[in-house]
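Chemist: Counting in our numbering, the sequence shown runs from 2 upward without gaps.
Cβ atoms here follow ideal geometry from the backbone N, Cα and C, with glycine treated the same way.
If you're wondering where the values come from, they're calculated on a predicted model, not measured in any experiment.
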Amino acid sequence: MGKIILTGDRPTGRLHIGHYVGSLKWRVELQNSGEYDKIYIMIADAQALTDNIENPEKVRQNIIEVALDYLSCGLDPEKSTMFIQSQIPELTELTFYYMDLVTVARLQRNPTVKSEIQMRNFEASIPVGFFTYPISQASDITAFKATTVPVGEDQLPMIEQAREIVRKFNSVYEEVLVEPEAFISQNEACLRLPGTDGKAKMSKSLGNCIYLADTAEEVKKKVMNMYTDPTHIQVSDPGHIEGNTVFTYLDAFSRPDHFEKYLPDYAGLDELKEHYQRGGLGDVKVKKFLIRILEEELEPIRKRRKEYEADIPRVYEILKKGSEAAKEVAAQTLTEVKAAMKINYFDDMELIKEQAEKYKKES
Ligand code: TRP
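Dropping the structure here:
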C-alpha cells in the first residue's frame, strides 16, 4: 500500500494566505518531499454547489481562480493530479452507497456542518445535498484510497466521518477501503490565521483577506491597516501580543533568516515581542518587517500566476487531463466497492452459473 494524498478546496473565491499557511504550502512541501506515491488535488465544485444552489456562475468562474492559485503556489501537474470533482461521476455513485452506512443523527452531530448551517441561516430548511456533504467528502477521499488528507483544522470532523464510513464498509462488506489520516499544521498561528481586522477568520464577505493574487501594493496597504493593539497608542506605550494580528502573522510566517536579513538588531521573534511588550517599539516598524516577509513569500507566487494567466487554455487542459486520470482511479475503486456489495451482476460469472444450475435442477 502506497502513501496517497487527496485534498481539495471549494471554488467559491480566490485563495488567501490563510489557505496558504493552513494547507496549500504544506501540499507543495509534501509534493516535493517525494514521499508520496500519488497526490490528488481536487476542486470541489459539486460540494460548492451544495450551498450555492443559486450561484452556479460563481462556482464556474472560480474554478480557474483556484487552479491558478494551485499552480502559482507550486503544485506541479507533473507530480500532482489536479481535477474537478463534478467530472468524476463515480464519486456521486459512491456517495449514494455510503449513505446507507451513516445515520441522520450522526450527520446532525457534525460540528462543522452545525456551524455552517448556522452561518448560512439554513436552520429552517437545510438542503439534503448540503446536509450530506460529509458523506460526499468521504467518497472524494476513499475513491483514491487516500492515506493522508492535508486540511485546515475545520475539516477534522469530515476526516473523522470518512474514517467511520471506511470502518463500517470494511466490516459489513469486505476490506476494500483505506482509512485516511488528517494532516494538519503544527503551528498554532497557521491553523487559524485571523483576518487583517483581527476577526477569527479570513472571509471574503468580511473583506479582511490577503489574497495570493493581491498586488504588492494591495498587500502593503492591507498590512499597514492591520489590526494591532488598540491600547498601544504612543510608541513608548507597552504593547500586547495576544490578539495582535501583526504578531500572529509573524508567528505564522517569520523565520530566523528573516531577522538576519531584515531586522538584524533582533535575535528573533521572541526578542521582538519582548521589546513590543516593554514599550518603545512602534507598529509601523513591525508592519514593515511583516510586509517584507510576505513579499518574499508572495512575489514568486504572483510571478508564476502571471505566467499561467497568459495561457488559460493550458490550465483548463491540465484540469481536463487530471480529471481523466482521476476518473480511472475512482472507477477502479467503484468496481471493487460494487463487487464487495454484491451489485456486480454482469461481471460475476459465478453468479450467472450458480443461478443457471439452480434452475436446471428445478426444471
Ligand atoms: N470541504 C473542503 C473545504 O471546504 C473541500 C473538500 C471537498 C475536501 N472534498 C474534500 C477537502 C476532500 C479534503 C478532502 O475546504
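Under a Cβ-count criterion, where at least 16 other Cβ atoms within 10 Å of its own Cβ denotes burial, should Ser-206 be classed as buried or exposed?
Modeler: Translated into positions along the sequence shown, residue 206 becomes position 205. It is exposed - the Cβ of Ser-206 has fewer than 16 other Cβ atoms within 10 Å.
Chemist: Taking Thr-8 and Ser-34 to be in contact with their CB atoms under 8 Å, please state how far apart those CB atoms are, rounded to whole angstroms.
Modeler: Looking up residue 8 in the sequence shown gives position 7. Looking up residue 34 in the sequence shown gives position 33. Going by Cβ atoms, the distance from Thr-8 to Ser-34 rounds to 15 Å, so no, they are not a contact pair.
Chemist: Any idea what DSSP makes of Pro-112, helix, strand or coil?
Modeler: Counting from 1 along the sequence shown, the entry for residue 112 is found at position 111. Of the three classes helix, strand and coil, the one that applies to Pro-112 here is helix, per DSSP.
Chemist: Classify Leu-194 as buried or exposed, calling it buried when 16 or more other Cβ atoms lie within 10 Å of its own Cβ.
Modeler: The residue you call residue 194 lines up with position 193 of the sequence shown. Leu-194 comes out buried.
Chemist: Buried or exposed: which applies to Thr-93, given that a residue is buried once 16 or more other Cβ atoms fall within 10 Å of its Cβ?
Modeler: Locating residue 93 in the sequence shown gives position 92, where the first residue counts as 1. Exposed, since its Cβ has fewer than 16 Cβ neighbours within 10 Å.
Chemist: Taking the Cβ atom as the reference point for each residue, do Asp-46 and Ile-89 lie within a distance shorter than 7 Å?
Modeler: Locating residue 46 in the sequence shown gives position 45, counting from the first residue. Locating residue 89 in the sequence shown gives position 88, counting from the first residue. No, Cβ-Cβ distance for Asp-46 and Ile-89 is not below 7 Å.
Chemist: Does the ligand TRP have a heavy atom nearer than 6 Å to the CB of Arg-11?
Modeler: The sequence position of residue 11 within the sequence shown is 10, counting from 1. Arg-11: yes, Cβ under 6 Å from the ligand TRP.
Chemist: Look up Phe-184 in the DSSP assignment and give the residues it is bridged to.
Modeler: Along the sequence shown, one-based indexing puts residue 184 at 183. Phe-184 is bridged to Pro-151.
Chemist: Does Lys-304 pass the burial test, meaning 16 or more other C-beta atoms within 10 Å, or should it be called exposed?
Modeler: For this step, residue 304 is matched to residue 303 along the sequence shown. Lys-304 comes out exposed.
Chemist: Specify whether the stretch 258-266 and the stretch 291-303 touch according to this definition: at least 3 beta carbon pairs, one from each stretch, less than 8 Å apart.
Modeler: Contact holds: three or more Cβ-Cβ distances are below 8 Å.
Chemist: Name the residue from Ile-136, Val-129, Gln-32 and Glu-298 whose alpha carbon lies nearest to the alpha carbon of Val-103.
Modeler: Mapped onto the sequence shown, residue 103 falls at position 102. Cα-wise, what sits closest to Val-103 is Ile-136.
Chemist: Could you say which of Ala-326, Asn-188, Ile-166 and Ile-185 lies nearest to Arg-178 if we only look at CA atoms?
Modeler: By one-based count along the sequence shown, residue 178 stands at place 177. The sequence shown places Leu at residue 178, rather than the Arg named in the question. Among Ala-326, Asn-188, Ile-166 and Ile-185, the Cα nearest to that of Leu-178 belongs to Ile-166.
Chemist: How long is the line joining the alpha carbons of Asp-271 and Asn-245, rounded to whole angstroms?
Modeler: Reading the sequence shown from its first residue, position 270 is the one you call residue 271. Reading the sequence shown from its first residue, position 244 is the one you call residue 245. Approximately 14 Å, taken between the alpha carbons.
Chemist: To which residues of the same chain is Val-236 closer than 6 Å at the C-beta, ignoring the five residues directly before and after it?
Modeler: If you number the sequence shown from 1, residue 236 lands on position 235. Correct list, in chain order: Gly-283.
Chemist: Determine the burial state of Leu-352: buried for a count of at least 16 other Cβ atoms within 10 Å of its Cβ, exposed for fewer.
Modeler: Mapped onto the sequence shown, residue 352 falls at position 351. Exposed, because fewer than 16 other Cβ atoms sit within 10 Å of the Cβ of Leu-352.
Chemist: Quick one: what does DSSP say Lys-39 is sitting in, helix, strand or coil?
Modeler: For this step, residue 39 is matched to residue 38 along the sequence shown. It is a strand residue.
Chemist: Shorter than 6 Å, the distance from the beta carbon of Ala-144 to the closest heavy atom of the ligand TRP, or not?
Modeler: On the sequence shown, residue 144 is found 143 positions in, with the first residue counted as 1. No, the Cβ of Ala-144 stays beyond 6 Å of every heavy atom of the ligand TRP.
Chemist: How about Val-152: is its Cβ closer than 6 Å to a heavy atom in the ligand TRP?
Modeler: Counted from its first residue, the sequence shown places residue 152 at position 151. Yes, the Cβ of Val-152 comes within 6 Å of a heavy atom of the ligand TRP.
Chemist: Whole angstroms are fine: how far does the CA of Phe-132 sit from the CA of Glu-124?
Modeler: Here residue 124 refers to the residue found at position 123 of the sequence shown. Here residue 132 refers to the residue found at position 131 of the sequence shown. Computed Cα separation, rounded: 11 Å.
Chemist: Cβ of Asp-52 versus every heavy atom of the ligand TRP: is any distance shorter than 6 Å?
Modeler: Translated into the one-based positions of the sequence shown, residue 52 becomes position 51. Asp-52: no, Cβ never under 6 Å from the ligand TRP.
Chemist: Cβ of Gln-32 within 6 Å of any heavy atom in the ligand TRP?
Modeler: Taking the first residue of the sequence shown as position 1, residue 32 is located at position 31. Flag unset: Cβ of Gln-32 not near the ligand TRP.
Chemist: So, are the CB atoms of Ile-185 and Glu-154 less than 7 Å apart?
Modeler: Within the sequence shown, numbered from 1, the residue matching residue 185 stands at position 184. Within the sequence shown, numbered from 1, the residue matching residue 154 stands at position 153. In contact: Ile-185 and Glu-154 (Cβ atoms closer than 7 Å).
Chemist: Thinking C-alpha only, which one of Asn-122, Ile-234 and Ile-211 is nearest Val-224?
Modeler: One-based indexing of the sequence shown puts residue 224 at position 223. The option with the nearest alpha carbon to Val-224 is Ile-211.
Chemist: Taking 6 Å as the cut-off, does the CB of Gln-187 come closer than this to any heavy atom belonging to the ligand TRP?
Modeler: Your numbering for residue 187 matches position 186 in the sequence shown. No.
Chemist: Is the Cβ-Cβ distance between Val-67 and Asp-141 less than 7 Å?
Modeler: The residue labelled residue 67 in the question sits at position 66 within the sequence shown. The residue labelled residue 141 in the question sits at position 140 within the sequence shown. No, the Cβ-Cβ distance between Val-67 and Asp-141 is not below 7 Å.
Chemist: Using CA atoms only, rank isn't needed, just tell me which of Ile-242, Arg-306 and Gly-14 is closest to His-276.
Modeler: If you number the sequence shown from 1, residue 276 lands on position 275. It is Ile-242 whose Cα lies nearest to the Cα of His-276.
Chemist: Would you mind stating whether Val-22 and Ala-217 have Cβ atoms separated by less than 7 Å?
Modeler: Here residue 22 is taken as the residue at index 21 of the sequence shown, counted from 1. Here residue 217 is taken as the residue at index 216 of the sequence shown, counted from 1. No, these two residues do not count as a Cβ contact at 7 Å.
Chemist: Report whether the distance from the Cβ of Ala-49 to the nearest heavy atom of the ligand TRP is below 6 Å.
Modeler: The sequence position of residue 49 within the sequence shown is 48, counting from 1. For the ligand TRP, not one heavy atom lies less than 6 Å from the Cβ of Ala-49.
Chemist: Is the beta carbon of Gly-323 closer than 7 Å to that of Met-83?
Modeler: Here residue 83 corresponds to residue number 82 of the sequence shown, with the count starting at 1. Here residue 323 corresponds to residue number 322 of the sequence shown, with the count starting at 1. A contact, by the Cβ cut-off of 7 Å.
Chemist: Restricting to Cα atoms, I'd like to know which of Leu-72, Asp-238 and Gln-48 is closest to Pro-128.
Modeler: Residue mapping note: residue 128 aligns to position 127 of the sequence shown, counting from 1. Nearest option by C-alpha distance: Gln-48.
Chemist: With the cut-off set at 7 Å, would you say Asp-312 and Gly-280 are in Cβ contact?
Modeler: Taking the sequence shown and counting its residues from 1, one reaches residue 312 at position 311. Taking the sequence shown and counting its residues from 1, one reaches residue 280 at position 279. Result no, Cβ atoms of Asp-312 and Gly-280 do not sit closer than 7 Å.
Chemist: Which full runs of the beta strand (DSSP E) of 3+ residues lie inside the stretch 158-237, going along the chain?
Modeler: The stretch 158-237 contains these whole beta strand (DSSP E) runs: 182-184.
Chemist: Can you check whether the CB of Asn-188 is closer than 7 Å to the CB of Asp-198?
Modeler: Stepping through the sequence shown from its first residue, residue 198 is reached at position 197. Stepping through the sequence shown from its first residue, residue 188 is reached at position 187. Their beta carbons are not under 7 Å apart, which means Asp-198 does not touch Asn-188 by this criterion.
Chemist: For Gly-3, write down the residues that DSSP places opposite it in a beta bridge.
Modeler: Translated into positions along the sequence shown, residue 3 becomes position 2. Answer is none; Gly-3 lacks a bridge partner.
Chemist: If distances are taken between C-alpha atoms only, which option among Thr-96, Ala-357, Gly-196 and Glu-219 comes closest to Leu-299?
Modeler: Here residue 299 refers to the residue found at position 298 of the sequence shown. For Leu-299, the nearest C-alpha among the options comes from Glu-219.
Chemist: Are the beta-carbon atoms of Pro-112 and Ala-147 separated by less than 7 Å?
Modeler: Within the sequence shown, the letter at position 111 stands for residue 112. Within the sequence shown, the letter at position 146 stands for residue 147. Not in contact: Pro-112 and Ala-147 (Cβ atoms no closer than 7 Å).
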